[in-house]
Structures are given as structure tokens and as C-alpha cells.
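Take a look at the structure below.
In the numbering used here, the protein residues as written are 5 to 205.
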């Protein structure tokens, strides 16, 4: 365990043990483990996987992509874990997992949780794309570049797609297809325009 982490954990133990606000009958059980060796091993394995992983053949589903991230970036989920930080042992008192308490307050833990949220957003977006692809494949006769542009232009939000029933989804595809066929040249021109970058002053 690195010196800074050990000092942090010992400081928490000392503060809680000498605090006058605690009743004399209070019982705390602190648990921690030396994660320095594990951290190095995990990070090394993560790097190896990132360097060698190749996606070949069929595209992965949203669930498969998320499962791959759970393995590839397992150190991110380890350092961001704050679940069940405080538990109630059968013998009474409180049990505090100091590793998870450290994860809660440390910069590394906060950064890991931000990445986890990003992965969750990507997971939701992948589910939308998969559902949208299935709908457009089933209820349009478009192919090739026309299908790509139609999907990109009329892609619904994840919130709407979750709430809409199957009949509403079909109606949206058919309505969008009619609009697309009526304005196909204009839509293709719009999609070919370069995206404008908004610069902060």
C-alpha cells in the first residue's frame, strides 16, 4: 500500500477512535486490504487487453459491449466502488470498509465514477442504436447509403424509445420514411454539410 493511502486510512481510524462525540459503547470494525499489488496487476492486464483486443466479425450487442467494458476496465470499477461501504455486523456496531471510504473521497475514485457514468451513457446509446436499426430494417426497404442517412437523420432519443410502445415506434418509422422520401435530396445535403464547432469565448 502506498504511503499516502496508508496515512489517510490511519488518520480516519485515529479521528474516529478519539472523537468525543462517539458514545463509549460504540463499536466500529474497520477493514482494509493492501491493493497496491492488485492495482498494478489490474492496470497491467487492462493495458494488455486494450493493446490486443480486436473486434472481428459480427457487431457486438449493447449488453456484450458493456460486459466487455466490465472486464477491460475492471480497475475503473474497482476504484470507483463505494457500495456497501458501511454495514451492520451481527455482533453489533458498525463495520466501515476503509478501501471504499477512500474510493469515495479520493481523486482516483471520483474520476473512476465519472468514467462509469460515461460507460452507462454509451450503453444506453448502444441500446437505442440497436433498437433503431432493427426497426428500420424491418419497416423500410432502404439499403446502403440511404439507410445510413435515414437512420442518422431520424434517430429518436433514448427516452422516447424507452417509453413508446411498439405500435408508436412503427408509426414513427413510417412517418419518418414518408418525410425522408419527400425530401431526400435536401436531407442528404444537410447531412453532407460540415459540423460547426462551437468555441467557448
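Where is the CB? At the ideal position from N, CA and C, for every residue including glycine.
None of the values given here were measured: they were computed from a predicted structure.
- Here DSSP, grouped into helix, strand and coil, assigns residue 140 to helix.
- For residue 183, the uninterrupted alpha helix (DSSP H) segment begins and ends at 170-186.
- Counting the other Cβ atoms within 10 Å of the Cβ of residue 177 gives 16 or more, which makes it buried.
- Judged by their CB atoms, residue 71 and residue 134 are not nearer to each other than the 8 Å cut-off.
- In the three-state reduction of the DSSP assignment, residue 145 falls in the coil class.
- Note that the stretch 170-188 touches the stretch 137-154; at least 3 beta-carbon pairs, one per stretch, sit closer than 8 Å.
- Beta-bridge partners assigned by DSSP to residue 91: 99.
- If you draw a straight line from the Cα of residue 95 to the Cα of residue 75, it is about 36 Å long.
- In the same chain as residue 84, and ignoring 5 residues on each side of it, the C-beta atoms closer than 7 Å to its own belong to 107, 113, 116, 117 and 120, in chain order.
- Collapsing the DSSP output to three states places residue 159 in coil.
- Here DSSP, grouped into helix, strand and coil, assigns residue 110 to coil.
- At a Cβ-Cβ threshold of 8 Å, residue 162 and residue 132 count as neighbours.
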